[in-house]
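Line by line, the protein sequences give chains A and B. 152 is the number that numbering that gives the first Met the number 0 gives to position 153 of the first sequence; each next residue is one higher, with no gaps. 155 is the number that numbering that gives the first Met the number 0 gives to position 156 of the second sequence; each next residue is one higher, with no gaps. Glycine included, C-beta positions come from ideal geometry on N, C-alpha and C. In what follows, a single structure is set out as structure tokens and then discussed.
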Amino acid sequence: MTARAPTLSLTAVCRTFGTGARAVGAVRGVSLELHAGEAVCIMGPSGSGKSTLLSIMGGLLEPDRGEVAIAGRRLADLSQRARCELRRRQVGFVFQRFNLMGALSAAENVELGLHLAGVAAPEGRRRAAGVLERFGLGPRGGALPRDLSGGEQQRVALARALAPGPVLLLADEPTGNLDSANGRRVVELIRAHVRGTGAAAVVVTHDRRVSEAMDHCLWMEDGVLGGFEDRPGAAA
Amino acid sequence: MWSRLARRNVLLDRRRFATSALGVAFALALVLVQLGLFTGLAANATQVIDRSPGDVWITGRNTGNFQWGQPIPRRSLDVVRSTPGIDWARELVTGWTQLRHPDGGVQRLEVIGFDLQSRVGAPWNVVAGDARDLAVPGRVALDATSRGKLGHFSLGDHREIGRRRVRIAAVTHGITSFTTIPFVFASLDTAREITGTIGADETVYVVAGLAPDASLEAALDALRGRLPHLDVYARQAFRERTRRYWMFETGMGIGFLLTSMLAVCVGAVIVSQTLYAATSEHLPEYGTLKAMGATDADLTSIVVRQALIAGAAGCVPGALIGAVVVRGIRAQGLEALLGPGLVAIAAGIALGACVLAALGSIRRVRTLEPAMVFRL
Ligand SMILES: Nc1ncnc2c1ncn2[C@@H]1O[C@H](COP(=O)(O)OP(=O)(O)OP(=O)(O)O)[C@@H](O)[C@H]1O
Ligand SMILES: [Mg+2]
């Protein structure tokens with residue numbers, strides 16, 4: 000709404016799975032503000048709630064308590080439909096396993112993201128080709144995902160997420176299935192997008208090289224998010 | 000975009016969707032053959048009505064259908080002729096008899112006795128001899144298509160029909176009954192003689208033609224007033240009555256319906272299973288689409304389109320197979336009809352069944368949690 004609203008704001012967000020003795024507090028009271036042009040990474044042990052937190056940030060999962068707002072709009076106030084609309088235009092997702100549509104070519108996958116964001120077909124085709132070109136995939140636009148290397152697939156997935164110009168990028172282990180050279184490339188593209196468009200990015204990773212390229216690093220453990228330096232076991 | 004995605008999904012998974020299409024083709028072909036036989040039967044049951052001129056049929060009370068005609072007083076013919084609005088009237092004698100083979104076996108026959116001065120109940124498709132020769136008492140016309148049941152016969156041969164020695168004076172071709180009982184055509188008097196159940200003062204039907212400009216409704220009313228003990232039908236109504244009887248009041252219609260429904264069910268199960276398997280395999284993709292902001296309606300449309308593509312791919316061969324089989328049935332001398340309208344209706348039912356078969360898959364993608372994309 001206002002120009003000063005943080006791109007992403009979480010206030011005392013909690014999410015528990017299951018009930019009774021088997022209840023798991025996956026996210027326990029997380030508050031966070033992320034502004035335009037900021038890129039943070041979240042690290043932490045397996046099962047600490049990082050993916051759950053990303054789902055909540057992107058409006059894929061509703062928190063039991065607390066509030067989430069993207070670009071000043073409280074998700075709890077939005078209808079299901081409006082939340083879909085928000086994700087289509089404002090949020091980009093990148094996954095460890097790429098999650099491309101196997102039946103669509105690289106270019107069509109990118110067009111799909113643009114289509115959802117409301118970009119009409121001819122314009123979408125043009126823009127998809129442009130983004131793929133910038134991502135070094137110009138000649139691979141017609142290829143199916145199964146004919147692309149892992150690094151190429153992840154760059155297509157990144158192009159799909161970034162082509163509509165989202166204000167928020169949420170990535171879960173984007174380099175987890177890539178070798179270091181391809182991982183570096185993906186991180187560079189994310190950084191370039193954040194710098195170039197003023198988007199905010201949250202990247203969950205186990206990869207030190209990724210975390211070093213981000214503005215801040217946060218540590219998540221047992222559903223609690225804190226500063227990276229304050230993590231248990233960090234050298235005092 | 001959704002139709003492109005659906006199309007590509009089908010193409011990528013073509014072996015699986017070919018199974019779906021095969022199921023649809025099988026079901027549609029079977030339904031078409033059933034429908035063809037069913038409508039053929041309906042058309043066959045009224046062929047004598049359809050081939051006869053006349054606007055009004057007068058029958059015994061509660062006759063119900065052409066095949067179950069019963070004797071009525073012959074003087075009703077004069078009553079009909081003198082009714083205002085009626086231009087002409089002819090009688091038609093129908094009944095049952097049997098042919099005794101030289102070796103002693105018997106074959107049931109359906110007798111059509113007609114007025115040689117008119118076309119009411121007259122044989123069509125005479126391929127040998129002359130129907131006019133039936134005017135001579137003791138002469139009949141038999142159908143060559145029924146030689147299997149009647150034994151070989153030729154023009155001029157004698158046979159024993161209804162305990163009387165008759166001479167075959169004309170041979171028709173292709174006049175068969177869905178009851179499988181062969182027809183024998185004869186003059187009114189010969190027909191009375193060989194049935195043995197219709198007296199000289201009796202007839203079975205009176206068929207009348209309207210005077211030009213006369214109102215059908217008015218004529219029907221006048222006839223009903225004058226013939227209170229008989230049923231008076233417009234030709235179309237008697238036709239419908241007869242067809243409805245055979246199609247719905249006997250078990251035949253139910254049999255056809257059940258077979259068709261079974262075929263549709265088998266096809267739907269095949270489509271449903273293959274589509275569900277394909278959908279389950281692509282769940283991560285559907286989850287990703289949801290995360291990207293695709294609505295449940297978007298996902299439903301993708302799944303339904305896939306079902307429809309597979310269905311349409313099955314409808315083409317299904318319709319062809321059905322048409323070929325129906326043609327084959329006709330070549331066997333059996334009645335079967337298949338018009339483009341029926342094919343369109345059956346294909347519509349097949350596609351509708353495909354959509355129903357997609358319901359399980361639709362439910363699966365609609366209940367999919369988008370947050371699953373982070374747990375793959
Ligand atoms: N849908 C769910 N139902 C039940 N429990 C869940 C569900 N999603 C997550 N959990 C639980 O919540 C906790 C946090 O899971 P989450 O996937 O967020 O961890 P993570 O930090 O992403 O782990 P990893 O590094 O292995 O990806 C785990 O104990 C997990 O088992
Ligand atoms: Mg995770």
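Chain B contact for SER78 of chain A (CB, 8 Å cutoff):
SER78 of chain A does not count as touching chain B.
Return no unless some Cβ of chain A is closer than 8 Å to the Cβ of ARG13 of chain B.
Proximity of ARG13 of chain B to chain A, defined by a Cβ-Cβ separation below 8 Å, is not satisfied.
Please name the residue or residues paired with TRP56 of chain B in a DSSP beta bridge.
Paired residue(s): B:VAL206, B:TYR232.
Which residues of chain B have a Cβ atom closer than 7 Å to the Cβ of GLU84 of chain A, listed in chain order?
Within 7 Å Cβ-Cβ: GLY292.
Going by beta-carbon coordinates alone, are ALA168 of chain B and ASP132 of chain B separated by less than 8 Å?
Going by C-beta atoms, ALA168 of chain B is nearer than 8 Å to ASP132 of chain B.
Could you tell me whether any Cβ in chain A is nearer than 8 Å to the Cβ of ALA357 of chain B?
No, its Cβ sits nowhere closer than 8 Å to a Cβ of chain A.
Beta-bridge pairing of GLN97 of chain B - partner residues as DSSP gives them:
Within the DSSP bridge table, the entry for GLN97 of chain B names B:ARG107 as partners.
Under 7 Å: does the beta carbon of LYS289 of chain B sit that close to some heavy atom of ligand 2?
Look at LYS289 of chain B: its beta carbon is at least 7 Å from all of the heavy atoms in ligand 2.
So what does DSSP say about GLU132 of chain A, is it helix, strand or coil?
Residue state, collapsed to three classes: helix.
What residues from chain A crowd round MET260 of chain B, counting only those whose CB sits closer than 7 Å?
Here the premise fails: no neighbours, minimum Cβ distance about 34 Å.
Delimiting residues of the beta strand (DSSP E) encompassing TRP1 of chain B
Secondary structure note for TRP1 of chain B: it is in no beta strand (DSSP E), and the uninterrupted alpha helix (DSSP H) holding it is 1-11.
Would the stretch 73-81 of chain A and the stretch 18-38 of chain B be scored as touching if the rule is three or more Cβ pairs under 8 Å?
Flag = no, the stretch 73-81 of chain A and the stretch 18-38 of chain B do not touch.
Using alpha carbons as the reference points, say which of A:SER8, A:GLU107, A:VAL118 lies closest to ARG73 of chain A.
Nearest of A:SER8, A:GLU107, A:VAL118 to ARG73 of chain A, Cα basis: A:SER8.
Does the distance from the CB of THR278 of chain B to the CB of ARG365 of chain B come in under 8 Å?
Remark: C-beta atoms of THR278 of chain B and ARG365 of chain B do not approach each other more closely than 8 Å.
Should MET42 of chain A and THR204 of chain A be called a contact, given that it needs their Cβ atoms to be closer than 8 Å?
Between MET42 of chain A and THR204 of chain A, the C-beta gap is smaller than 8 Å, which places the two residues in contact.
From which residue to which residue does the alpha helix (DSSP H) around ARG163 of chain B run?
No alpha helix (DSSP H) holds ARG163 of chain B; the beta strand (DSSP E) holding it covers 163-171.
Can you give the Cα-Cα distance for VAL90 of chain A and ALA356 of chain B, rounded to whole angstroms?
The straight-line gap separating the alpha-carbon atoms of VAL90 of chain A and ALA356 of chain B is approximately 35 Å.
Would you list the residues sitting across from GLU66 of chain A in a DSSP beta bridge?
Answer is A:THR10.
Please determine whether the Cβ atom of PHE94 of chain A lies at a distance below 7 Å from any heavy atom of ligand 2.
Outside the cutoff, so no.
Return yes when the C-beta of ALA25 of chain A is under 7 Å from any heavy atom of ligand 1, and no when it is not.
Within the cutoff, so yes.
Inter-stretch contact at 8 Å, needing at least 3 Cβ pairs: the stretch 88-96 of chain B / the stretch 104-112 of chain B
These segments touch.
With a 10 Å radius around its C-beta and 16 neighbouring C-beta atoms as the bar for buried, classify LEU10 of chain B as buried or exposed.
Residue environment for LEU10 of chain B: exposed (fewer than 16 other C-beta atoms within 10 angstroms of its C-beta).
Between PHE37 of chain B and the rest of its own chain, which residues show a CB-CB distance below 6 Å, the 5 nearest in sequence each way excluded?
Within the same chain, PHE255 come within 6 Å of PHE37 of chain B by CB-CB distance, once the 5 residues on both sides are set aside.
Examine chain A for any beta-carbon lying closer than 8 Å to the beta-carbon of THR299 of chain B, and answer yes or no.
It does not: the Cβ of THR299 of chain B has no partner Cβ on chain A nearer than 8 Å.
Any idea if ILE69 of chain A is buried or exposed, counting beta-carbon neighbours within 10 angstroms, 16 or more meaning buried?
Buried: at least 16 other Cβ atoms inside 10 Å.
For the candidate residues A:ALA142, A:ALA106, A:LEU53, whose alpha-carbon lies nearest to that of ARG126 of chain A?
Comparing Cα positions, the closest option is A:ALA106.
Residue ranges of each alpha helix (DSSP H) run of no fewer than 4 residues wholly in the stretch 185-232 of chain A, ordered along the chain?
Within the stretch 185-232 of chain A, the complete alpha helix (DSSP H) runs of at least 4 residues are 207-211.
Which residues in chain B have a C-beta closer than 9 Å to the C-beta of ARG87 of chain A? List them in chain order.
Taking the beta carbon of ARG87 of chain A as reference, the chain B residues within 9 Å of it are MET291, GLY292, ALA293, listed in sequence order.
Alpha carbon to alpha carbon, how far is GLY22 of chain B from VAL62 of chain A? Give it in angstroms, no decimals.
In the sequence under discussion, the amino acid at residue 62 of chain A is Pro, which differs from the Val named in the question. Spanning the two alpha carbons is a distance of roughly 45 Å.
Beta carbon of PRO83 of chain B nearer than 8 Å to that of ALA221 of chain B
Result yes, Cβ atoms of PRO83 of chain B and ALA221 of chain B sit closer than 8 Å.
Pair within 8 Å by beta-carbon distance, VAL67 of chain A and VAL12 of chain A:
Result yes, Cβ atoms of VAL67 of chain A and VAL12 of chain A sit closer than 8 Å.
So which residues on chain B does ASN176 of chain A lean against when the C-beta distance must stay under 7 Å?
The contacting residues do not exist; ASN176 of chain A stays about 11 Å from chain B at best.
Look up ILE41 of chain A in the DSSP assignment and give the residues it is bridged to.
According to the DSSP secondary-structure assignment, ILE41 of chain A is paired through a beta bridge with A:VAL203, A:LEU217.
Using a Cβ cut-off of 7 Å, pull out every chain A residue sitting near THR287 of chain B, in sequence order please.
Those are ASN98, listed as they occur along chain A.
DSSP state of PRO5 of chain A mapped onto helix, strand, coil
Secondary structure at PRO5 of chain A: coil, using DSSP grouped into helix, strand and coil.
Are ILE48 of chain B and PHE65 of chain B close, meaning C-beta to C-beta below 8 Å?
A distance below 8 Å separates the beta carbons of ILE48 of chain B and PHE65 of chain B.
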